[in-house]
């Protein structure tokens, strides 16, 4: 799209509306087609699936048509097409924690209760409980988790050795000291790098929040982003980036920017989702591929509490007219064999039996496997506020992060954010 | 039946006696009939979306436009107009962005047009070079400048380093982001203004210039009192076209600073704000309200400019 103007934006919404008016019919012309239309995000998982597709097509006689988009474009696409009740998506890859509640609430996702019980060898009970919970709405499964993530510490072995450190930091205090030491010794290299954008940073900040003993909401469902623990976490995360981060740090970094700094050899420590590890260890993408080490998330006052979440799942569009074949695709793509193959190529899945199989982690770096094992033990099942309008909530609770990074008073920002977040929660509860 | 065909309107062609009634009807209404497809098209693509957006702006539609929504009257308008955190700053940024960008584009565009006005050797190549930014996709332009302005590895700071100036935050800074995006907009769209003005200049007749020269007017006097007044209609068109386009800039801002115009909404204009309300927050009611208000602002600006143009032509 060349330019999205005022007309463009309103047209998109309105086009969605006018399509919904003639919805129901759709363009399939009734009856199931043998073409399954699958919309997927840009991800290693997708690349692997594409390679395995011919076997599936041969086996079932179905034709699979894949639409592949970046995360933001994918989200926009769903907003327009699902709003319009469009039937031209059968299978959709979505983010249970980001859009799951909204989609389920709007009944965009088909109830999969019957499908998951239909095949005993496929075995739904094999999926880890946490991820399944995130893809369940009001007691009904609406998605099948395909990719899980935990936050781990990426580090540079050579820089640690140069600084005289024999092992990666085990606590957040040690991390802070080590980052400061390396930055002081090598002015061109940041001690620590992580996401800094208001919204992108929230998910990676969550592990810091939990490890300081906080959470986004307290036990009674009230906003808790100004608890003592949260204030400490904001000040710690922001301070670490401000003091030991890259020079001229921007407040717009998502994972591609932060990862680029790390893989260009410009940072010693980096906290990020494990599912992105190949970017750091692949010589084609990383200048420091042979020096990257992994460690469990450093412990804070409340111990090491990284998130442990399903980041992507597959669901069926409730307006699709091809649901039986859509399920065939999901069943195949989430089978034990496919999950094992995916995991061997570096995509952590959600099946217990696959994790129990040593073959599944044989290709992972050894220290990463240990870090993942530690993370799944004490992990927290969410990495952002569990609400319907996640994007809005992330912007609210992310504000103190960027304020802390730019050297503003993190505690005051946390108080402001908490009031705004409580108002948001009240509005949503209405 | 009358035997004499009366000519109803001057546009109606004379019809021979005895023609069937429908032919006469078609003849009488042909100007509407020929325009009908275009009018239907306009109605479907302009009036309907606008009316629908207007309707949505009076409801609390959110989450899904298919979900039930309640009619809330002007509540959204009151909310938006009293919002000093996001809406009014966005209005301010929209006006700043448009005003500053337009000023630079018109002044620079005029300078370039005057330089290219008189033929010189290699003029063809200079024209092509100047038009380069114009043919690039704005999103690609945004990406390119984002790389150049990267505070750590970008070319801009490296170049500053060669001449001994310290690194600048550019797009990353809270206060430098908006000026930087304005610079990108000026870089991309000045050629278009120059092109329009050049077309205007070449169509001017030479006689007034010659007369002024014979009267002994200096170069500046000739530009100020002859060229500029004659060029005024073209200039207004250029300002109008570019102004409306600058008001609704989206791609450059989105490609350089992402959603919400950056972590502190540094470059969040009305367009970026409305997009975020629709696609990030799923607040279709509020988003439509912002778009309707934005639409009114554009209509207002257009009206003011065309009124000025008529004045200038008088």
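Residue numbers (the working numbering), protein chains in the order written: chain A, 4 to 433; chain B, 5 to 318. Yeah, the Cβ is synthetic: ideal placement off N, Cα and C, and Gly gets one too.
Asked	Found
Please state whether DSSP places residue 153 of chain A in a helix, a strand or coil.	strand
Quick one, are the C-beta atoms of residue 400 of chain A and residue 388 of chain A less than 8 angstroms apart?	yes
For residue 302 of chain A versus residue 179 of chain A, is the C-beta spacing smaller than 8 angstroms?	no
Specify whether the segment 67 to 79 of chain A and the segment 353 to 370 of chain A touch according to this definition: at least 3 beta carbon pairs, one from each stretch, less than 8 angstroms apart.	no
Between the alpha carbons of residue 157 of chain B and residue 264 of chain A, how many angstroms are there, rounded?	9 angstroms
Along chain A, in chain order, which residues have C-beta atoms closer than 9 angstroms to that of residue 86 of chain B?	None at all; the shortest Cβ gap to chain A is about 15 angstroms.
Buried or exposed: where does residue 315 of chain A fall if 16 or more other Cβ atoms within 10 Å of its Cβ makes it buried?	buried
Between the Cα of residue 143 of chain B and the Cα atoms of B/188, B/164 and B/166, which residue gives the shortest distance?	B/188
Between the Cα of residue 198 of chain B and those of B/233, B/311 and B/136, spot the shortest distance and give me the residue it belongs to.	B/136
Beta-carbon of residue 219 of chain B versus every beta-carbon of chain A: anything under 8 angstroms?	no
Can you grab the Cα-Cα spacing for the pair residue 104 of chain A / residue 46 of chain B, in whole Å?	38 angstroms
Just the Cα atoms here: how many angstroms apart are residue 314 of chain B and residue 308 of chain B?	10 angstroms
Please report the straight-line C-alpha distance between residue 220 of chain A and residue 240 of chain A, rounded to a whole angstrom.	19 angstroms
Locate the alpha helix (DSSP H) running through residue 315 of chain A, then write down its first and last residues.	Element bounds for residue 315 of chain A: not the alpha helix (DSSP H) but the beta strand (DSSP E), 311 to 319.
Start and end of the beta strand (DSSP E) containing residue 69 of chain A?	66 to 72
So what's residue 256 of chain A in DSSP terms, helix, strand or just coil?	coil
May I ask which residues mark the beginning and end of the beta strand (DSSP E) holding residue 273 of chain A?	270 to 276
What residues of chain B sit near residue 88 of chain A, judged by a beta carbon separation below 9 angstroms?	70
Should residue 266 of chain B be flagged as near chain A, meaning a C-beta pair shorter than 8 angstroms?	yes
Give the secondary structure of residue 397 of chain A by DSSP, where H, G and I count as helix, E and B as strand, and everything else as coil.	helix
What would DSSP say about residue 140 of chain A, mapped onto helix, strand or coil?	strand
Should residue 289 of chain B be flagged as near chain A, meaning a C-beta pair shorter than 8 angstroms?	no
In whole angstroms, give me the CA-to-CA distance for residue 202 of chain A and residue 267 of chain B.	8 angstroms
For residue 418 of chain A and residue 288 of chain B, I'd like the C-alpha separation in whole angstroms.	29 angstroms
Please classify residue 20 of chain A as buried or exposed, where buried requires at least 16 neighbouring CB atoms within 10 angstroms.	With a pLDDT of 42 at residue 20 of chain A, under the threshold of 50, the predicted position of this residue should be treated as unreliable, though the coordinate-derived value follows. It is buried - the Cβ of residue 20 of chain A has at least 16 other Cβ atoms within 10 Å.
Could you check whether the Cβ of residue 259 of chain A sits closer than 8 angstroms to any Cβ belonging to chain B?	no
On a CA-only basis, which of A/332, A/50 and A/261 is nearest residue 125 of chain A? Give me that one, please.	A/332
Using a C-beta to C-beta distance shorter than 7 angstroms, which residues of chain A count as neighbours of residue 263 of chain B?	202
At a Cβ threshold of 8 angstroms, is residue 81 of chain B touching chain A?	no
Provide the residue(s) that pair with residue 220 of chain A in DSSP beta bridges, ordered along the chain.	A/226
Going by other Cβ atoms of all chains shown within 10 Å of its Cβ, with 16 needed for buried, is residue 297 of chain A buried or exposed?	buried
Per DSSP, what kind of secondary structure is residue 44 of chain B in: helix, strand or coil?	helix
Do residue 195 of chain A and residue 244 of chain A have their beta-carbon atoms positioned less than 8 angstroms apart in this structure?	yes
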